[in-house]
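What follows is a set of notes on a single structure, which appears directly below.
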Ligand SMILES: Nc1ncnc2c1ncn2[C@@H]1O[C@H](COP(=O)(O)OP(=O)(O)OP(=O)(O)O)[C@@H](O)[C@H]1O
Ligand SMILES: [Mg+2]
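Residue numbers (my numbering): 2 to 362.
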């Protein structure tokens with residue numbers, strides 16, 4: 002079953018926090034809503050779940066319209082048959098694991114035999130069968146999260162909604178649990194919306210990612226599309242790490258001029274051929290060598306000076322002053338602060354994006 006959101010609007014008093022958001026999640030698809038704090042991710046998710054009443058737009062789960070402001074349709078949350086996992090697990094401390102998992106079924110009219118069977122199935126899927134009679138206080142954080150997960154999937158929901166379900170777990174557990182959620186979701190084949198502000202989580206888990214800012218969608222794409230081909234500076238900056246150089250069209254129309262005067266080649270498919278843009282470079286796409294290269298490829302290199310370095314184990318992050326900007330470069334090479342270096346890059350990895358709007362990002 003799919004989830005369709007069309008032109009969703011949500012206001013609190015006069016403040017519009019979701020402004021005409023539209024997207025579709027296909028049957029079995031895993032889609033993340035990614036964006037900074039306050040951009041409207043949770044609000045969008047709560048509107049789908051029926052925990053929040055929309056002020057505009059339509060939401061469908063499968064063929065069923067669950068929310069349509071113009072037609073005055075609003076299906077209550079418990080009739081939408083969606084499973085939801087919250088950041089703060091929201092499990093009941095006075096109930097056992099099994100009672101917590103059974104809770105969503107108790108509000109639907111499910112026979113006690115069916116209820117038992119479905120609870121056992123959900124507990125088995127998340128590997129909690131042995132702990133079913135414990136209370137939440139007798140569980141670790143990761144186990145409590147599994148209870149929340151079992152409660153979301155019990156009774157085979159039509160859609161699954163996750164709101165930052167990993168943010169209370171430590172880094173190691175987060176990785177493992179993320180992979181587990183994804184395996185589980187694939188097995189169940191349920192349309193899933195996953196809210197996170199963590200871009201790595203979104204990239205690694207999702208079929209597609211929706212990047213939001215200020216209540217609006219900035220870009221929708223596969224993780225690779227977003228990372229390689231961001232449509233604007235906001236997405237380029239928010240998804241992955243990137244450095245930016247202000248550029249203007251070089252005289253003669255070939256290449257782009259940096260503030261320090263060099264002309265570089267870039268992927269300028271987003272530009273209209275003139276005007277001011279920023280050239281985006283990812284740290285792993287820049288090659289760094291010591292010394293000032295002579296006779297290097299014109300337009301594909303910049304000379305600079307290392308002004309900072311941070312050893313990160315797998316590589317070192319160098320901050321290099323070059324092209325009138327400070328560029329992050331990831332390299333295994335051993336270099337020192339103050340060294341003169343040459344940075345090399347392929348033009349297709351140097352992508353022009355539009356300048357951020359004044360006052361925004
Ligand atoms: N019940 C409410 N009443 C008034 N304003 C609200 C309410 N809930 C959310 N907001 C506002 O709506 C905006 C969007 O909130 P939302 O919780 O959707 O953000 P978010 O993207 O989930 O952020 P975060 O990553 O911090 O969880 C914020 O400015 C928030 O202050
Ligand atoms: Mg939120």
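Each residue gets a CB set at the ideal place from its N, CA and C atoms; glycine is no exception.
{"Check": "By a C-beta neighbour count over all protein chains shown, 10 Å radius and 16 as the cutoff for buried, is residue 277 buried or exposed?", "Outcome": "exposed"}
{"Check": "Check whether the stretch 95-109 touches the stretch 167-180, counting contact only when three or more Cβ pairs, one atom from each stretch, lie closer than 8 angstroms.", "Outcome": "no"}
{"Check": "Given 6 angstroms as the limit, tell me if residue 217 has its C-beta closer than that to any heavy atom belonging to ligand 1.", "Outcome": "no"}
{"Check": "Rounding to the nearest angstrom, what Cα-Cα distance links residue 223 and residue 53 in this structure?", "Outcome": "28 angstroms"}
{"Check": "Across which residues does DSSP place residue 217 in a beta bridge pair?", "Outcome": "214"}
{"Check": "Give the straight-line distance between the Cα atoms of residue 74 and residue 49, rounded to the nearest whole angstrom.", "Outcome": "13 angstroms"}
{"Check": "Using only the alpha-carbon positions, how far apart do residue 309 and residue 272 sit?", "Outcome": "32 angstroms"}
{"Check": "By Cβ distance, which residues of its chain are closer than 6 angstroms to residue 314, with the 5 residues on each side in sequence left out?", "Outcome": "none"}
{"Check": "Starting from residue 351 and walking both ways along the beta strand (DSSP E), at which residues does that stretch end?", "Outcome": "351-355"}
{"Check": "Which class does residue 308 belong to by DSSP, given the choice of helix, strand or coil?", "Outcome": "strand"}
{"Check": "Output needed for residue 10: all residues of its chain with C-beta closer than 7 angstroms, excluding positions within five of it in sequence on either side, in chain order.", "Outcome": "17, 19, 20, 21, 55, 56, 57 and 58"}
{"Check": "Which residues have a Cβ closer than 5 angstroms to any heavy atom of ligand 1, listed in chain order?", "Outcome": "13, 18, 38, 39, 40, 41, 42, 43, 44 and 198"}
{"Check": "Kindly indicate which three-state DSSP category residue 205 falls into: helix, strand or coil?", "Outcome": "helix"}
{"Check": "Per DSSP, which residues does residue 329 bridge with? Please list them.", "Outcome": "320"}
{"Check": "Can you name, in chain order, every residue of its own chain whose Cβ lies under 8 angstroms from the Cβ of residue 337, other than the five neighbours on each side?", "Outcome": "307 and 310"}
{"Check": "Kindly indicate the opening and closing residues of the beta strand (DSSP E) around residue 19.", "Outcome": "16-26"}
{"Check": "Opposite residue 11 in the DSSP bridges: which residues?", "Outcome": "19"}
{"Check": "Jot down the residue ranges of each uninterrupted alpha helix (DSSP H) in the stretch 31-67, minimum 4 residues, whole runs only, in chain order.", "Outcome": "42-50"}
{"Check": "Closer than 7 angstroms by C-beta to residue 356: which residues in its own chain qualify, once you throw out the five before and the five after it? Chain order, please.", "Outcome": "234, 277, 278 and 279"}
{"Check": "Where DSSP assigns a beta bridge to residue 87, which residues make up the other side?", "Outcome": "None; residue 87 has no bridge partner."}
{"Check": "Taking the DSSP output, what are the residues bridged to residue 279?", "Outcome": "247 and 354"}
{"Check": "According to DSSP, is residue 361 part of a helix, a strand, or is it coil?", "Outcome": "Confidence is the limiting factor: at residue 361 the pLDDT is only 44, short of 50, which leaves the residue's position unreliable, though a coordinate-based value still follows. The answer is coil: DSSP assigns residue 361 none of H, G, I, E or B."}
{"Check": "Which residues in the same chain as residue 316 place their Cβ atom closer than 7 angstroms to its Cβ, once the five residues preceding and following it in sequence are excluded?", "Outcome": "331, 332 and 333"}
{"Check": "Once DSSP output is grouped into helix, strand and coil, what is the label at residue 178?", "Outcome": "helix"}
{"Check": "Go ahead and label residue 36 buried or exposed: buried means 16 or more other beta carbons lie within 10 angstroms of its beta carbon, across all protein chains shown.", "Outcome": "buried"}
{"Check": "Using only the alpha-carbon positions, how far apart do residue 192 and residue 261 sit?", "Outcome": "50 angstroms"}
{"Check": "So residue 344 is in the beta strand (DSSP E); what residue range does that whole segment cover?", "Outcome": "341-345"}
{"Check": "Grouping DSSP H, G and I as helix and E and B as strand, with all else coil, what is residue 160?", "Outcome": "strand"}
{"Check": "With DSSP collapsed to three states, give me the class of residue 92.", "Outcome": "coil"}
{"Check": "Within the same chain, show all residues whose beta-carbon is closer than 8 angstroms to that of residue 205, passing over the 5 residues directly before and after it, in chain order.", "Outcome": "179 and 224"}
{"Check": "Checking 7 angstroms against the spacing of the C-beta atoms, do residue 86 and residue 153 come in under that value?", "Outcome": "yes"}
{"Check": "Fully enclosed by the stretch 124-155, which alpha helix (DSSP H) runs are 4 residues long or longer?", "Outcome": "142-154"}
{"Check": "Count the other CB atoms, across all protein chains shown, that sit within 10 Å of the CB of residue 244; report buried if there are 16 or more and exposed otherwise.", "Outcome": "buried"}
{"Check": "For residue 349, count the other beta carbons within 10 Å of its own beta carbon; 16 or more makes it buried, fewer makes it exposed. Which is it?", "Outcome": "exposed"}
{"Check": "Mind checking residue 263: buried by the 16 CB within 10 Å criterion, or exposed?", "Outcome": "buried"}
{"Check": "Just how far apart, CA to CA, sit residue 51 and residue 112?", "Outcome": "25 angstroms"}
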